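Worksheet: the structure to be examined is printed underneath.
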Amino acid sequence: MIFFFVSTLVMYAIAGVQYGVRYAVKKWYPLPTEEFTDLCSVTNISVMIFDDSYGGYYIHGRSPYGYTEISSENLLKSL
Amino acid sequence: MSPDDPSLQTYQIYIPLELFRTYRTTYVQELNLTVNEALQKNQALSGAASKFFSRDNAIPKGLDIDRTESTRKIMNKLFMRCIEQVRAEPKKYIKERPFIDRLFNRPPIDDLKKERPVLFKDKWYSFSNFFLMGMDWDFVMLDSCILSFVIQVSLYDVELDIKLLLGLLVAYITDQGLFFIRNWRGRRNLARHTLVDDKFLF
Chain A
1 MIFFFVSTLV MYAIAGVQYG VRYAVKKWYP LPTEEFTDLC SVTNISVMIF DDSYGGYYIH
61 GRSPYGYTEI SSENLLKSL
Chain B
1001 MSPDDPSLQT YQIYIPLELF RTYRTTYVQE LNLTVNEALQ KNQALSGAAS KFFSRDNAIP
1061 KGLDIDRTES TRKIMNKLFM RCIEQVRAEP KKYIKERPFI DRLFNRPPID DLKKERPVLF
1121 KDKWYSFSNF FLMGMDWDFV MLDSCILSFV IQVSLYDVEL DIKLLLGLLV AYITDQGLFF
1181 IRNWRGRRNL ARHTLVDDKF LF
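Quick mapping for you: the protein sequence lines, in order, are chains A and B. The opening residue of the first sequence carries number 1 in this note's numbering; numbering runs sequentially from there. The opening residue of the second sequence carries number 1001 in this note's numbering; numbering runs sequentially from there.
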């Protein structure tokens, strides 16, 4: 019993550290979810995902410029 | 969209019940009918097990998607109107979700009864749960259980010196197998629900 507790604690600690590191470096290596929302912005597409009988999730993918075709410089600025 | 957090793009949304009912009874029903007809034409495999292991395309061949186009456009406009309503008065419709509601995943009943949309800020990208990406802690618990199980079982073998390594190996192999199934089934599921061929998913 004590072994299970200790091993679980150690594994959760390792996972927690991994999570922390991943979030610390996300500025340079964005999370896939962030990349997806950026992609929605760039393409000017909003997404609605319904996962139950009342609602779900909404990704507001409106491009900051209102249209998709902008210069790379402006695109980089807006991201 | 939110004035106090302009860069926030992700929200949890609850749309008016009437709109949701319209969506279910018109668009989803019509879409299901079209997909089922295409499936029947292709004489798809009927058994659940054979469907699970099927290597056919997730979208049935010969799907006449144009049939649903007019309904799709109408629903798209209704949803856009709903979002424009929120954009016009964000302070009224965008809210912070109470802790208890978040804990029990309780919908905002009062607002839904008044037939108005509600958006909750979702700073932690909880939509990723829908893509089966939020199961990290479940996998850690599974690994821990496998590790303990293997060590308990191997305790009977006194000569075995690599109990911990064996447990880790079994946990690793199980994880990899589950990742493969999740990836494979997830792609097919996504393709079937978005009606985008899984060759275009990356």
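Idealized CB from N, CA, C, for every residue including glycine. In this text, all values refer to a predicted model and were calculated from it rather than measured experimentally.
When the cut-off is 9 angstroms and only beta carbons count, does residue 73 of chain A lie next to chain B? On the first sequence, residue 73 of chain A is found 73 positions in, with the first residue counted as 1. No, because no Cβ of chain B sits closer than 9 angstroms to the Cβ of residue 73 of chain A.
Taking the straight line between their C-alpha atoms, what separation do you get for residue 1135 of chain B and residue 1095 of chain B? By 1-based counting over the second sequence, the position of residue 1135 of chain B is 135. By 1-based counting over the second sequence, the position of residue 1095 of chain B is 95. Taking the straight line from one Cα to the other gives about 27 angstroms.
Could you check which residue in A:71, A:54 and A:76 has the C-alpha nearest to that of residue 1109 of chain B? Locating residue 1109 of chain B in the second sequence gives position 109, where the first residue counts as 1. With distances taken between Cα atoms, residue 1109 of chain B lies closest to A:54.
Return the bridge partner residues of residue 1010 of chain B from the DSSP annotation. For the purposes of this step, residue 1010 of chain B is taken as residue 10 along the second sequence, with counting starting at 1. Paired residue(s): A:59.
Cβ of residue 46 of chain A within 9 angstroms of Cβ of residue 1162 of chain B? Position 46 of the first sequence, counted from the first residue, corresponds to residue 46 of chain A. Position 162 of the second sequence, counted from the first residue, corresponds to residue 1162 of chain B. Taking 9 angstroms as the Cβ cut-off, residue 46 of chain A and residue 1162 of chain B do not qualify as a contacting pair.
Assuming residue 1075 of chain B contacts residue 1027 of chain B under a Cβ cut-off of 8 angstroms, what Cβ separation, rounded to an integer in Å, is found between them? As a first step, residue 1075 of chain B is located in the second sequence; it is residue number 75 there, counting from the start. As a first step, residue 1027 of chain B is located in the second sequence; it is residue number 27 there, counting from the start. Sure, about 5 angstroms apart at Cβ, within 8 angstroms.
Beta-carbon proximity check, residue 1023 of chain B vs residue 60 of chain A, cutoff 9 angstroms: Counting from one through the second sequence, the residue named residue 1023 of chain B turns up at place 23. Counting from one through the first sequence, the residue named residue 60 of chain A turns up at place 60. Going by C-beta atoms, residue 1023 of chain B is not nearer than 9 angstroms to residue 60 of chain A.
Chain B partners of residue 61 of chain A, CB-CB under 8 angstroms? Position 61 of the first sequence, counted from the first residue, corresponds to residue 61 of chain A. By Cβ distance, chain B contributes 1009.
Below 8 angstroms on C-beta distance, what does residue 1012 of chain B contact in chain A? Residue numbering aside, residue 1012 of chain B sits at position 12 when the second sequence is read from its first letter. Chain A residues near residue 1012 of chain B: 55, 56, 57 and 58.
Would you say residue 15 of chain A reaches chain B, if we count a Cβ-Cβ gap shorter than 9 angstroms as a contact? For this step, residue 15 of chain A is matched to residue 15 along the first sequence. Yes, residue 15 of chain A counts as interfacial toward chain B.
Cβ contact (3+ pairs, closer than 8 angstroms) linking the segment 1143–1154 of chain B and the segment 6–18 of chain A: yes
For residue 76 of chain A, decide whether its Cβ has a neighbour in chain B, counting only Cβ atoms nearer than 9 angstroms. Working through the first sequence from its first residue, we reach residue 76 of chain A at position 76. For residue 76 of chain A, the answer is no, since every Cβ of chain B falls outside 9 angstroms of its Cβ.
In the DSSP assignment, what are the bridge partners of residue 1005 of chain B? Here residue 1005 of chain B refers to the residue found at position 5 when the second sequence is read from its first residue. Bridge partners of residue 1005 of chain B: B:1002.
Leaving out five residues on either side along the sequence, give the residues of the same chain with a beta carbon under 7 angstroms from the beta carbon of residue 1118 of chain B. Here residue 1118 of chain B is taken as the residue at index 118 of the second sequence, counted from 1. If we look at residue 1118 of chain B and ignore the five residues flanking it on each side, its Cβ neighbours are 1014, 1093, 1095, 1108 and 1111.
Throw me the rounded Cβ distance for the residue 1173 of chain B and residue 1164 of chain B pair, which I believe falls under 8 angstroms. As a working mapping, residue 1173 of chain B is identified with position 173 in the second sequence. As a working mapping, residue 1164 of chain B is identified with position 164 in the second sequence. Rounded, the Cβ-Cβ distance is 15 angstroms, inconsistent with contact.
Members of the segment 2–14 of chain A near chain B, C-beta cut-off 8 angstroms: 3, 4, 7, 8, 11 and 12
For residue 945 of chain B, tell me which candidate among B:1193, B:1194, B:1181 and B:1004 has the shortest Cα-Cα distance. Residue 945 of chain B falls outside the range modelled here, since chain B spans only 1001 to 1202, and no answer is possible.
DSSP state of residue 1123 of chain B, grouped into three classes? By one-based count along the second sequence, residue 1123 of chain B stands at place 123. Residue 1123 of chain B: coil per DSSP, three-state reduction.
Starting from the Cα of residue 38 of chain A, find the closest Cα among B:1114, B:1116, B:1008 and B:1186 and give me that residue. As a working note, residue 38 of chain A is residue 38 in the first sequence. Ranking B:1114, B:1116, B:1008 and B:1186 by Cα distance to residue 38 of chain A puts B:1008 first.
With a CB to CB cut of under 8 angstroms and the five nearest residues on each side skipped, what residues in its chain are close to residue 34 of chain A? The residue labelled residue 34 of chain A in the question sits at position 34 within the first sequence. Closer than 8 angstroms at Cβ, skipping near neighbours: 26.
Using 9 angstroms as the threshold, is the C-beta distance between residue 1079 of chain B and residue 1 of chain A below it? On the second sequence, residue 1079 of chain B is found 79 positions in, with the first residue counted as 1. On the first sequence, residue 1 of chain A is found 1 positions in, with the first residue counted as 1. No, Cβ-Cβ distance for residue 1079 of chain B and residue 1 of chain A is not below 9 angstroms.
Using C-beta distances below 7 angstroms, list every residue in its chain close to residue 1115 of chain B, excluding the 5 sequence neighbours before and after it, in chain order. Locating residue 1115 of chain B in the second sequence gives position 115, where the first residue counts as 1. Answer for residue 1115 of chain B: 1016, 1017 and 1018, listed in chain order.
Please list the partners that residue 1122 of chain B has in chain A, where partner means a Cβ-to-Cβ separation under 8 angstroms. As a first step, residue 1122 of chain B is located in the second sequence; it is residue number 122 there, counting from the start. Simply 57.
Between the alpha carbons of residue 1066 of chain B and residue 1032 of chain B, how many angstroms are there, rounded? For the purposes of this step, residue 1066 of chain B is taken as residue 66 along the second sequence, with counting starting at 1. For the purposes of this step, residue 1032 of chain B is taken as residue 32 along the second sequence, with counting starting at 1. Cα-Cα distance, rounded: 14 angstroms.
For residue 1118 of chain B and chain A, any beta-carbon pair shorter than 9 angstroms? Here the question's residue 1118 of chain B lines up with position 118 in the second sequence. So, interface residue.
Using 8 angstroms for Cβ pairs, my map puts residue 1071 of chain B next to residue 1030 of chain B. What's the rounded Cβ distance? Within the second sequence, the letter at position 71 stands for residue 1071 of chain B. Within the second sequence, the letter at position 30 stands for residue 1030 of chain B. With a Cβ gap of about 5 angstroms, residue 1071 of chain B and residue 1030 of chain B count as contacting.
At a Cβ cut of 8 angstroms, what residues of the segment 13–39 of chain A count as close to chain B, listed as they run along the chain? 15, 19, 31, 32, 33, 34 and 37
For residue 1060 of chain B and residue 1086 of chain B, which I take to be in contact (beta-carbon distance under 8 angstroms), what is that distance rounded to the nearest angstrom? Within the second sequence, residue 1060 of chain B is the residue found at index 60, counting from 1. Within the second sequence, residue 1086 of chain B is the residue found at index 86, counting from 1. Actually they are not in contact, since the Cβ atoms of residue 1060 of chain B and residue 1086 of chain B sit about 36 angstroms apart, beyond 8 angstroms.
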